[in-house]
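One structure is given below, encoded as structure tokens.
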Ligand SMILES: Cc1cc2nc3c(=O)[nH]c(=O)nc-3n(C[C@H](O)[C@H](O)[C@H](O)COP(=O)(O)O)c2cc1C
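Numbering (our numbering), first residue to last: 1 to 380.
Here's what the structure looks like:
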């Protein structure tokens, strides 16, 4: 039944009284239509707020906007602990809510390593995106190189929380994560899915070409990317590193975890990194000793050489706490095995005297110990 709008404004209407409608009862209240000036004011306010929102979002999504440094970061530091802030950062990069770099890299920043081009030499070290969840968001921020991991063969939870501590006065962090990892299989599936989306997204209007490419790559999606002619990062001039770790439950001396990592994840990487230097997995750093390192590097290089071409360069990541002798040994092993590079360096276990917050933390620990001894003493 058609009821003119004007009627609704001027009367209270009982539809049930109409012969064509016996069930539904509709009551309207009398109301004046908005005046022209109200309509105009609403229109102006609505348009202005849409305009302001668009401007704000445009500003917010610019990674160089001062709001990130001077407002968002201090607020986040104030309300979230270090690990929750880390998770939030990954989550927002994963869902496209983090800012991006809009300025094209100056050509003078371009570097070439292992025959591949990077638009700039600034990289994100392992440990930020441990499970490969936010790769595109992180590249969008502007990095020329993003290294995900460390990834361990089997999933593991890492150390008990709390395990990350801010040192605000030093603008530093104490990291005791202990390799929380989703494991090779989940990370490989995630990387595969990312490539699948890329292929269907970029080649969607060439279904024949997509089908041909998919059929031409029985070994996996990593090699498919090579066929398309981009880096495995899926960018023309950015590189994706995958950092390999070891399960806490694995035999300390065994190199098998790393060999597995090369085989499972090597086809998705522009660069592979063997991490033998994290301080939070017991025994791991002993793999930097001359004989052990040589055996390890020979085996992972052998595994890398079985991957489909182009094979990723293989780097070893060392600790900052090595003696000169140990550094000499590592250099000899690197030359002898032909490893493609060394990443210097991982998390330190030293606490420099120059750290202001370090002193404070030592003092806190000592006070806690003192308190413990005093209460033990008073109980005896
Ligand atoms: C919270 C945190 C987690 C890290 N996790 C890893 C990791 O899983 N694997 C790794 O090889 N390095 C890890 N690192 C070490 C960093 O990749 C980097 O080597 C280290 O922070 C030294 O670089 P910097 O002096 O620029 O901080 C981690 C560092 C931090 C602060």
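Think of the CB as a built atom: it goes at the ideal place given N, C-alpha and C, for glycine as much as any other residue.
Return yes when the C-beta of residue i is under 7 Å from any heavy atom of ligand 1, and no when it is not.
i	result
residue 125	yes
residue 149	yes
residue 145	no
residue 130	yes
residue 179	yes
residue 391	With the chain covering 1 to 380 only, the question about residue 391 has no answer from this structure.
residue 300	no
residue 94	no
residue 346	yes
residue 284	no
residue 164	yes
residue 69	no
residue 231	no
residue 357	no
residue 275	yes
residue 278	yes
residue 120	no
residue 317	yes
Quick one: give me the first and last residue of the alpha helix (DSSP H) that residue i is part of.
i	result
residue 261	256-265
residue 336	324-337
residue 76	73-79
residue 303	290-304
residue 138	135-141
residue 87	82-94
Out of the options, point me to the one whose CA is closest to residue i's CA.
i	options	result
residue 187	121, 341, 264, 333	264
residue 153	260, 36, 84	260
residue 273	339, 49, 330	339
residue 122	134, 105, 90	105
residue 116	202, 310, 212	310
residue 242	253, 211, 312	312
residue 356	166, 62, 34	166
residue 276	144, 75, 178, 61	178
residue 111	48, 144, 34, 131	144
residue 142	44, 334, 50, 238	238
residue 181	168, 158, 98	158
residue 108	139, 74, 72, 119	119
residue 198	318, 138, 228	228
In the DSSP assignment, find the beta strand (DSSP E) that holds residue i and state where it starts and stops.
i	result
residue 51	Where residue 51 is concerned, there is no enclosing beta strand (DSSP E), although the alpha helix (DSSP H) it sits in stretches over 36-60.
residue 112	111-113
residue 147	145-151
residue 102	Unbroken run through residue 102: none, as it is neither H nor E.
residue 116	116-118
Per DSSP, what are the beta-bridge partners of residue i in this structure?
i	result
residue 198	Bridge partners of residue 198: none, in fact.
residue 243	273
residue 317	275, 343
residue 164	175
residue 124	146
residue 351	Bridge partners of residue 351: none, in fact.
residue 181	156
Apart from the five residues on each side of it in sequence, which residues of its chain come closer than 8 Å, Cβ to Cβ, to residue i?
i	result
residue 175	127, 163, 164, 280, 347
residue 183	151, 152, 153, 154, 155, 156
residue 170	355, 356, 357, 358
residue 67	59, 60
Below 6 Å CB to CB, which residues in the same chain sit around residue i once its five sequence neighbours on both sides are set aside?
i	result
residue 320	345, 348
residue 297	337, 339
residue 250	257
Might you give, ordered along the chain, the residues of its own chain that have their beta carbon closer than 7 Å to the beta carbon of residue i, omitting 5 neighbours on each side?
i	result
residue 90	129, 133, 134
residue 80	88
residue 303	259, 262, 263
residue 350	321
residue 283	252
residue 379	Annotation note: pLDDT 35 at residue 379 (below 50); position unreliable, coordinate value reported separately. Here the set comprises nothing.
residue 19	Confidence at residue 19 is low in this model, with a pLDDT of 49, below 50, so the placement of that residue is unreliable and no value is reported for it.
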